[in-house]
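**Q** Here the working numbering is used: the first residue of the sequence shown is 21, the next is one more, and so on. For every residue, glycine included, the Cβ atom is placed at its ideal position computed from N, Cα and C.
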Amino acid sequence: MKRALIFLIVCMVALVVARGVSAAPQSRGSAILSGVVIGPDDKPVPHASVSYQASDGSAPHAVHADAHGRFTISQLSANSYDIRASGRGVFSDWQRNIPLRKGQARSVELRLIYAKEMPQPVSSTKPKQ
């Protein structure tokens, strides 16, 4: 039983990897969103993760950039999209409401930035008085 479960998980991972760099939401269209992920050092970030979704928050997806930091998301429906990247523990800001019309191709540059302030850990103990 344990081996069958491991085999099933390995097969599912292989199918996800086989989809490659390009991915599309469930409703296929003809618009294309592509670009490059640039790190804080002003160099392309290989294999960065790129998250995108329709601007209304529906249909979230993710793809990975290639070895040169470039990514392509094809077969998008006409809609507005939000997109952001992450790599090496650093994130870009969300680029919001990128409009795409049927058959349109747009290119974006996603710059990874360091947080201005590190989040403080949340303590569950009460402060001493």
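Between the Cα of residue 92 and the Cα atoms of 98, 84, 99, which residue gives the shortest distance?
**A** Closest by alpha carbon: 84.
**Q** Is DSSP giving residue 84 helix, strand or coil here?
**A** Here residue 84 sits in strand by DSSP.
**Q** If the criterion is Cβ atoms closer than 8 Å, does the pair residue 132 and residue 55 meet it?
**A** Not in contact: residue 132 and residue 55 (Cβ atoms no closer than 8 Å).
**Q** Going by the DSSP bridge assignment, what does residue 51 pair with across the sheet?
**A** According to DSSP, residue 51 bridges with 96.
**Q** Name, in chain order, the residues that DSSP records as bridge partners for residue 72.
**A** Note: residue 72 sits in a beta bridge opposite 81, 103.
**Q** How far does the beta strand (DSSP E) with residue 115 in it reach, from first residue to last?
**A** Start and end: 115-120.
**Q** Does DSSP put residue 65 in a helix, a strand or coil?
**A** Coil.
**Q** Can you tell me where the beta strand (DSSP E) with residue 131 in it begins and where it stops?
**A** From DSSP, the beta strand (DSSP E) with residue 131 extends over 125-133.
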